[in-house]
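Colleague:
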Amino acid sequence: MTASSPVIFEAITPNPFFDRTTISFKISENSYTSLSVYNMNGILLDEKAYGYLQSGKYTFDYSNDQLKPGTYLCKITSGKYWTAQRMIKGD
272 MTASSPVIFE
282 AITPNPFFDR
292 TTISFKISEN
302 SYTSLSVYNM
312 NGILLDEKAY
322 GYLQSGKYTF
332 DYSNDQLKPG
342 TYLCKITSGK
352 YWTAQRMIKG
362 D
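Numbering of the sequence shown is given in the numbering used here, commencing with residue 272 and proceeding in unit increments.
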């Protein structure tokens, strides 16, 4: 995604993570925003709805005790736009 994209993933820190991680992103338009976590087979495992957010930078803590160690795809959706980044849960 380029700097002009409506949704920009800034960071997942730490990554890999163990108990929890912090997810940072920017949105350039006011919109309903959510986070989705998929396994590498594309199966949705978790979803967090953040509601209607104003344009700006956001940081949220993320944890899910049900996720086993492995690699996941973390997707931020804002309106009709989205971006994704790999997220690794360690042992």
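Every residue, glycine too, gets a C-beta built ideally from N, C-alpha and C. Every value quoted in this text rests on a predicted model; they were computed, and no experiment measured them.
Using DSSP with H/G/I as helix, E/B as strand and the rest coil, what is Glu281?
Modeller: Reduced to three states, the DSSP call for Glu281 is strand.
Colleague: Counting only the same chain and skipping the five closest in sequence on each side, list residues whose C-beta sits under 8 Å from that of Phe327.
Modeller: According to the sequence shown, residue 327 is Gly rather than Phe. Once the five neighbours on either side are set aside, the close Cβ partners of Gly327 are Lys297 and Ile298.
Colleague: So the candidates are Ala355, Thr348, Asp332 and Trp353; which of them puts its Cα closest to the Cα of Gly285?
Modeller: According to the sequence shown, residue 285 is Pro rather than Gly. When each option's Cα is compared against that of Pro285, the closest is Asp332.
Colleague: According to DSSP, is Asp332 helix, strand or coil?
Modeller: Looking at Asp332 - three-state DSSP - the assignment turns out to be strand.
Colleague: What does a CB cutoff of less than 8 Å around Ile359 pick up in its chain, not counting 5 residues either side in sequence?
Modeller: Cβ within range, chain order: Asn286, Pro287, Phe288, Gly341, Thr342 and Tyr343.
Colleague: In angstroms with no decimal places, state the Cα-to-Cα distance between Lys351 and Asp317.
Modeller: Distance between the alpha carbons of Lys351 and Asp317 is about 19 Å.
Colleague: By Cβ distance below 6 Å, which residues in the same chain neighbour Lys319 in space, the five residues on each side in sequence not counted?
Modeller: Same-chain partners within the cutoff: Leu306.
Colleague: Give every residue of the same chain whose Cβ lies closer than 6 Å to the Cβ of Leu338, excluding the five residues on either side of it in the sequence, and list them in chain order.
Modeller: Only Lys360 meet the Cβ criterion.
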